[in-house]
Amino acid sequence: MRLSPLLAAFAVLLVACDDPAPPASAEAPTPPAAEPVAPDTLDPATVSDGGGIPLSPAEVDRLVAEDSLWAEALRIHYDAVVLDGHVDTPTLMLDRGYRLGERHRRDHVDLPRMAEGGLDGAFFSIYVARGYGEGQAATDRALAMIEAVNQQVAGLEGAALVRTADGALSAARDGRAAVLLGLEGGHALQGSPEVLRLLAANGVRYVTLTHANTNSWADASTDAPRWGGLNTLGRELVTEMNRLGVLVDLSHVSDDTFDDALAVTRAPVILSHSSCDAIRPHARNVSDNMLRALADNGGVIMINFYAAYVAPGADLDDVLDHVQHAAEVAGVDHVGLGSDFDGVPRLPDGLGDVTRLPWLTHGLLARGFSEADVRKILGGNVLRVLAEAERVAEELRREAPPPPASGR
Ligand SMILES: [Zn+2]
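Using our numbering, you'd call the opening residue of the sequence shown number 175 and step up by one each time.
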């Protein structure tokens, strides 16, 4: 695509802010009920939803004729539990009335296309743009977006709002898309553990500590540092996330914030949508040292598909380079997929929407990844991390009593 100079300048701005961008408010539903997953059902290497191949026999025949490896790829892909760490569809749902249950020609994610692409669930990003500031307007924006997702999902047979690893697995086995919520932009917490508890009670299962902007308690990777990482309040908020079973998401944060969060957290962390700096140097990508530290923590990096973070003229094979690199440096137990679908203006050739996910599985097998490794990458690893964070939360709550109920 050839861009006019004006559009090109706009595209550069979008690189610094990889997610799309008025406020309202909503009621708080019941708090999360964390149910531990039976260990035998959560081996990341074998976890299965028992799903069949939704493609037509003619399409299957065509793929297998192209490459016999497709028979294996389709069997594994649709049987595996496939989870995406970050989709920005909720912004479309709130601002455009985007219908999740209907098939769209544009954009990247909807239920019919999730089924076709074998995507069993995703963290739906409750993204709050920096323009909302760090006060009540930002929190209200998050609550309005959560409400927009709740209302749609409540009316959809094919989807279920879930809050736990067990809930995600159960939904996948029922053939319903598991909708998990993640807050993107720590500024929406107003620097308040109380607001964090409110959003957790509304179903938020991860918090991306910053977006593109440094906030009152954490430095971002694409903004001027103010704290040299996390300040005291930032460390308190991370500890409270651990206590609530809310995953600490280190996509978008500065290297110092990354180090500080790993020093404080008791639970494994995630990078919900980040790629590898060694493959494509970019402030939003992570270094090999960070990948190794992530492995020590037991967490997972979910590879971002945004073309600007993947490679110049990116195609699907370039995304596989990032997955493979992360698996080589951090280990295959620490890699997943975090597409950033519906949040980015440009995707790699061959990976234009959620229906293309089986091509990633095919590509991983072609590169020599085993079936067990592929199942871990597709969703097993992030399920393990979510279950572990729930276990740590229970442990912490046994150690320290919950804070007094708030009147907020
Ligand atoms: Zn983002």
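We put the beta carbon where it would ideally sit given N, CA and C, even for glycine.
As the structure is a computational prediction, the values presented were derived from the model and not from experiment.
Tell me whether residue i is buried or exposed, calling it buried when 16 or more other Cβ atoms sit within 10 Å of its Cβ.
i      : result
Gly226 : exposed
Glu290 : buried
Pro228 : exposed
Ser513 : buried
Pro486 : exposed
Arg236 : exposed
Glu568 : exposed
Thr406 : exposed
Gln326 : buried
Gly271 : exposed
Pro455 : exposed
Glu358 : buried
Ser425 : buried
Gly360 : buried
Ser299 : buried
Ala328 : exposed
Leu177 : Since pLDDT at Leu177 reaches only 40, below the 50 mark, its modelled position is unreliable, and the value read off the structure follows with that caveat. Looking at its Cβ environment, which holds fewer than 16 other Cβ atoms inside 10 Å, Leu177 is exposed.
Asp470 : exposed
Arg558 : buried
Kindly examine ligand 1 and report whether one of its heavy atoms sits closer than 7 Å to the Cβ of residue i.
i      : result
Glu569 : no
Gly600 : Outside the shown range of the chain, which is 175 to 582, sits residue 600, and nothing can be said about it.
Glu358 : yes
Ser344 : no
Gly517 : yes
Ser425 : yes
His447 : yes
Look at the Cβ atom of residue i, then the Cβ atom of residue j, and state whether they are nearer than 8 Å.
i      : j      : result
Leu539 : Ala316 : no
His149 : Met415 : Shown here, the chain extends from 175 to 582; a query on residue 149 therefore has no answer.
Gly295 : Ala232 : no
Ser449 : Val484 : yes
His499 : Ile453 : yes
Ala345 : Ala352 : yes
Asp451 : Asp393 : no
Tyr380 : Leu421 : yes
Arg409 : Gly224 : no
Leu411 : Trp391 : yes
Leu584 : Gly537 : It is not possible to answer for residue 584, since the shown part of the chain is limited to 175 through 582.
Leu266 : Asp516 : yes
Gly292 : Tyr252 : yes
Val497 : Ile250 : no
Please work out which residues of its chain come closer than 6 Å, Cβ to Cβ, to residue i, disregarding the five sequence neighbours upstream and downstream, and give them in chain order.
i      : result
Arg520 : Ala481
Ala362 : Val302, Ala312, Thr313, Ala316
Gly553 : Val255, Val256, Leu257
Ala563 : Gly419, Leu421, Ala441
Glu573 : none
Asn478 : His447, Ser448, Ser449, Gly512, Asp514
Might you give, ordered along the chain, the residues of its own chain that have their beta carbon closer than 7 Å to the beta carbon of residue i, omitting 5 neighbours on each side?
i      : result
Arg268 : For clarity, residue 268 is Leu in the given sequence; the question names Arg instead. So the list reads Ala318, Met319, Ala322, once near-sequence residues are dropped.
Arg287 : Arg277, Asp527, Val528, Thr529
Asp433 : Gly403
Arg571 : Arg417
Asn463 : none
Val186 : In this prediction, Val186 has a pLDDT of 37, which is less than 50 and means its spatial position is unreliable; nothing more can be read from the coordinates.
Asp489 : Pro522, Asp523, Gly524
Spatial neighbours of residue i within its chain, please: CB distance less than 8 Å, with the 5 preceding and 5 following residues excluded, ordered by chain position.
i      : result
Val556 : Leu257, Gly259, Ile444, Val474, Met476, Gly510
Gly593 : Nothing in the structure corresponds to residue 593, since the chain is present only between 175 and 582.
Ala457 : Ser395, Thr396
Ala546 : Ala219, Thr220
Gln364 : Glu308, Gly309, Gln310, Ala312, Thr313
Arg279 : none
Answer yes or no: does any C-beta atom of chain C fall closer than 8 Å to that of residue i?
i      : result
Arg277 : The structure shown contains no chain C, having only a single protein chain.
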